[in-house]
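>
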Amino acid sequence: MALMLPVLCWPLAPYLGLEPVWGTSFENNWLISASLLLIVFTVSDAVLAERYGVADLVMNIAWVLFSCYMVIFVLQHVSAAWFLAATLGLRALSITPLLWQQTHHPWWYWQAWWRDSSTALMMFTWLIYW
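Numbering (this note's numbering), first residue to last: 1464 to 1593.
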């Protein structure tokens, strides 16, 4: 959860009068931290996920590869930053049906859903008003 702080708070820096220290713009730093956040979320969910068969393993691998592709795409095309927020929103939507299944309900589903949906909402908010 501590990785969410730069993504949620970095866009406030220009409004507070802070200047970039590293010689790059705030937008690039924010995109890099949001990209790392997406990869960490995806890999941690893939590690924690219960595997009931080959299909679950294939889906976890597909999510990791899709997230890596989105990160590469967004870092090359800075104007498409909303794709990162859309990917996090898609992850939250993919977890939603699993929350209501009674057969298997690991402890981290609610945490992953809240984490992904709140981060996507904040990223969309920053991208709209920034």
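For glycine and all other residues, C-beta sits at the position ideal for the given N, C-alpha and C.
State buried or exposed for LEU1520, treating a residue as buried only when at least 16 other CB atoms are found within 10 Å of its CB.
Exposed.
> Between the region 1488-1505 and the region 1543-1557, are three or more C-beta pairs nearer than 8 Å?
Because the criterion of three Cβ pairs below 8 Å is met, the region 1488-1505 and the region 1543-1557 touch.
> Do TRP1576 and ILE1558 have their CB atoms nearer than 8 Å?
Yes. Within cutoff.
> Whose CA, out of ALA1543, ALA1555, ALA1509 and TYR1478, lies closest to the CA of ASN1523?
Here the closest residue by C-alpha is ALA1509.
> CB-CB under 7 Å to VAL1506, same chain, minus the five flanking residues each way: which ones, in chain order?
Excluding sequence neighbours, VAL1506 sits near VAL1527.
> Short of 6 Å in beta carbon distance, which residues of its chain neighbour PHE1587, apart from the five on each side in sequence? Order them along the chain.
Excluding sequence neighbours, PHE1587 sits near ALA1548.
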